[in-house]
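Numbering (my numbering), first residue to last: 5 to 292. For reference, the structure is listed below as structure tokens.
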Amino acid sequence: MDFSKIIVGVMRWGIWGANHSESGVQKLIETSLEEGLSTFDHADIYGGYTTEELFGNAFSGMKIGREKIQLITKCGICMPSEKKNFPLKYYNYSKEYILNQVDESLKNLKTDYIDLLLLHRPSPLMNPEEIAAAFGVLRSSGKVRDFGVSNFSVTQFDLLSKYFPQLVTNQVEISLTETKAFYDGTINQMMTKKLHPTAWSVMGTYFNEDSEKTARIKSLLADLTMKYNADEAQLLLAFLLKHPANILPIIGTSKAESIKSLKKSLEINMEIEDWFGLLAASQGHKVP
Numbered sequence: 005m006d007f008s009k010i011i012v013g014v015m016r017w018g019i020w021g022a023n024h025s026e027s028g029v030q031k032l033i034e035t036s037l038e039e040g041l042s043t044f045d046h047a048d049i050y051g052g053y054t055t056e057e058l059f060g061n062a063f064s065g066m067k068i069g070r071e072k073i074q075l076i077t078k079c080g081i082c083m084p085s086e087k088k089n090f091p092l093k094y095y096n097y098s099k100e101y102i103l104n105q106v107d108e109s110l111k112n113l114k115t116d117y118i119d120l121l122l123l124h125r126p127s128p129l130m131n132p133e134e135i136a137a138a139f140g141v142l143r144s145s146g147k148v149r150d151f152g153v154s155n156f157s158v159t160q161f162d163l164l165s166k167y168f169p170q171l172v173t174n175q176v177e178i179s180l181t182e183t184k185a186f187y188d189g190t191i192n193q194m195m196t197k198k199l200h201p202t203a204w205s206v207m208g209t210y211f212n213e214d215s216e217k218t219a220r221i222k223s224l225l226a227d228l229t230m231k232y233n234a235d236e237a238q239l240l241l242a243f244l245l246k247h248p249a250n251i252l253p254i255i256g257t258s259k260a261e262s263i264k265s266l267k268k269s270l271e272i273n274m275e276i277e278d279w280f281g282l283l284a285a286s287q288g289h290k291v292p
């Protein structure tokens, strides 16, 4: 899994956020590549099944080789929308559904292959043998190069990997305000298997929640921003990047200037005392 150290998330690029035009998306792609961020995180449902197509149309109009970027996408959530007449939101991991959704993503992204396909959410009805069979077809056909999961527990990952041992990642929620994955075995499992976890919602609730937790973090960050000559968002990313699991954070911005700014977090080598200081601020107590 040869991805950039920071992954660019596109969820808010379309109608679920900034509602960029194709030229606006092209600017974001150009900025990302200029900053050395070549991996883009999608899901079929983003924008009500419209954002993959927006990205595909934009990228196809650029003079950039497909080999210069890596595309991640997810499937498995069936979500009612203008594009899909599902009666309710549910999960589907039948072989037929997975194969059909990959074909749809390939068409929308205007590409011959997906670098990494993830199962978006675990389903209580998922059949690991059937999923493995679908993955086998997609790998042998060259339509998908690598496979992983998103939001899976340790036991759910183990169940699927028993039938498809080539899983390469688990994309989970990790941030300074949401540290559960450090303690529930999720990150330990990735390290044991020598895999890179990918992280979503990497800013956590820091910028959109006024709580005692965020107040404690803000107080400490006030000093650290001066110490590291960095802003709060860069330090929140640096907190994740410090971890020895080599977490690949997904930044969800839809602004070119934010992509440039967040890239600078790779230059921050946070000292261990500051890392634990932030952890204690988040948890509201010192480590045991």
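From the three backbone atoms N, C-alpha and C, an ideal C-beta is built for every residue, glycine too.
For residue i, does the three-state DSSP call read helix, strand or coil?
i	result
Leu252	strand
Phe211	coil
Ser179	strand
Arg220	helix
Gln74	strand
Trp279	helix
Ala22	coil
Asp235	coil
Asp45	strand
Asn96	coil
Ile272	coil
Leu199	coil
Leu171	strand
Is the beta carbon of residue i sitting closer than 7 Å to the one on residue j?
i	j	result
Lys72	Ala260	no
Thr202	Gln175	yes
Thr43	Ile263	no
Glu216	Leu225	no
Val148	Leu113	no
Ile33	Leu252	no
Asp150	Gln105	no
Within its chain, find whatever has a CB closer than 8 Å to the CB of residue i; leave out the 5 residues flanking it on each side and keep chain order.
i	result
Lys93	Ile81, Cys82, Met83 and Pro84
Gly146	Asp116 and Tyr117
Starting from residue i, trace the beta strand (DSSP E) in both directions and tell me its first and last residue.
i	result
Ile68	Here Ile68 belongs to no beta strand (DSSP E), and DSSP marks it neither H nor E.
Ile118	Ile118 to Leu123
Val153	Val148 to Ser154
Ile11	Ile11 to Gly13
Please go through the same chain and pick out, in chain order, the residues whose beta-carbon is closer than 6 Å to the beta-carbon of residue i, but skip the five residues on each side of it.
i	result
Tyr50	Met15
Ala62	Glu26, Val29 and Gln30
Tyr232	Ile272
Glu275	none
Leu4	The structure shown does not extend to residue 4, since the chain spans only 5 to 292, so no value can be given for it.
Thr209	Thr181
Can you tell me which of the options puts its alpha carbon nearest to the alpha carbon of residue i?
i	options	result
Arg125	Ile255, Thr229, Asn96 and Ala242	Asn96
Trp17	Ser258, Trp279, Lys267 and Ser179	Ser258
Ser1	Pro128, Ser205 and Leu283	Residue 1 cannot be examined here, being either before or after the span of the chain that is shown, 5 to 292.
His46	Ser215, Gly40, Thr55 and Glu39	Thr55
Lys197	Leu228, Lys184 and Pro169	Pro169
Ile135	Phe161, Asp119, Lys111 and Asn112	Phe161
Lys78	His24, Met5, Lys246 and Asp119	Asp119
Ignore the nearest five residues each way along the sequence and tell me which others in residue i's own chain have a CB closer than 7 Å to its CB.
i	result
Ala249	Ile191, Met194, Met195 and Pro201
Ser8	Gly40, Leu41, Ser42 and Thr43
Leu228	Leu239 and Asp278
Identify the continuous alpha helix (DSSP H) that holds residue i and give its terminal residues.
i	result
Thr55	Thr55 to Ser64
Lys88	No alpha helix (DSSP H) contains Lys88, which DSSP labels as neither H nor E.
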